[in-house]
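Undergrad: Handing you this structure, nothing more for now.
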Amino acid sequence: MTIQWEIKAFDALTVHELYDLLRLRSEIFVVEQNCVYLDLDGKDKVALHLIGSFEGKIVAHSRLFKPGISFDYASIGRVTVDANYRDRKWGHDLMRESIAGIAHHFGESKITIGAQLYLKKFYESHGFVQTSEMYLEDDIPHIEMKRE
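Just so you know, the UniProt record's numbering puts 99 at position 99 of the sequence shown, and the rest follows in order with no gaps.
See the structure below:
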């Protein structure tokens, strides 16, 4: 069985989907990375949500933004894959689906991300290049990257 992908606006998410994707993000960004920060930044309401499900469970998620929300270009954020499924390399599928979703829904090919520094090579494999010096966001080293 393979992962199933779906893109939904915030208002189209079911209560259960919203709970499950927020739980997944908390498991990764708060617990796994031991980082206390406010995940609910108000941007979920204006994002398109790419959801990857496997056997009825949300195992991957990203937020897709039109230009002008997070950066001048379209952007992808909160790129998340459940730790129990990372051995399947679904992070690469998630990025390909995210890039395709930006093109399909916003007609954009230029994308900016705020990437955790340790994932630089991962994002480079998807055509992103570093465009800033390292900066700290919630005490985690990040870099800005663009795909043109």
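Ideal Cβ positions, reconstructed from N, Cα and C, are used throughout, including at glycine.
Which value, in whole angstroms, describes the spacing of the CA atoms of L24 and I111?
TA: Whole-angstrom Cα-Cα distance: 24 Å.
Undergrad: Name the DSSP bridge partner or partners of P141?
TA: Bridge partners of P141: L136.
Undergrad: Could you please give me the residues that DSSP links to G114 through a beta bridge?
TA: In the DSSP output, where bridge partners are listed per residue, G114 has E144.
Undergrad: Within its chain, find whatever has a CB closer than 8 Å to the CB of D72; leave out the 5 residues flanking it on each side and keep chain order.
TA: Answer for D72: T112, listed in chain order.
Undergrad: Residues in the same chain with beta-carbon distance under 6 Å from G101, minus the five sequence neighbours each way, listed in chain order, please.
TA: I7, L50, L64.
Undergrad: Can you name, in chain order, every residue of its own chain whose Cβ lies under 6 Å from the Cβ of R147, other than the five neighbours on each side?
TA: Closer than 6 Å at Cβ, skipping near neighbours: I111, G127, F128.
Undergrad: From D11 to I99, what does the alpha carbon distance come to, in whole angstroms?
TA: Roughly 22 Å separates the two Cα atoms.
Undergrad: Restricting to runs no shorter than 4 residues, where is the alpha helix (DSSP H) found entirely within the segment 49 to 118?
TA: Taking only runs of at least 4 residues, the alpha helix (DSSP H) segments lying wholly in the segment 49 to 118 are 90 to 106.
Undergrad: Secondary structure at V129, three-state DSSP: helix, strand or coil?
TA: If DSSP states are grouped into helix, strand and coil, V129 belongs with the strands.
Undergrad: When the Cα of Q4 is compared with those of T80, D93, V36, K45, which residue comes out closest?
TA: Residue D93 is the option with its Cα nearest to Q4.
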